[in-house]
Amino acid sequence: MNKSYSRIINRSSVNDSPYVDEVYTITLVKIQKESDILYVYKDENRCFIEKPYAGVYHASSKLFEFLDKKLSQ
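Be aware that the sequence shown starts at 1, since it is given in the UniProt record's numbering, and climbs by one per residue.
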């Protein structure tokens, strides 16, 4: 993760996906390599990006708002 956009927090990723009501799944597909899955979600009015079993990062709430707006159209 680019530290200018997010920062790691003291929270572990111990599940396949986060247990929250509203979550966006982003799949990054790499040519001839395994794909990566990221989850973007809000919890306690803060936005997070989670890579399963790797880490949870704080993110700008603008990211969640952007996804919510674009995918709700």
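Note that the Cβ used here is the ideal one computed from N, Cα and C, for glycine as well.
Since we're looking at a predicted model, the values are computed, not measured.
Under the three-state reduction of DSSP output, E50 falls in the strand class.
In the DSSP annotation of this structure, D43 is not part of any alpha helix (DSSP H); the continuous beta strand (DSSP E) holding it starts and ends at 36 to 43.
Looking at the backbone, the Cα of S17 and that of P52 are separated by about 6 Å. By the neighbour-count criterion, in which 16 or more other beta carbons inside 10 Å mark a residue as buried, I49 falls on the buried side.
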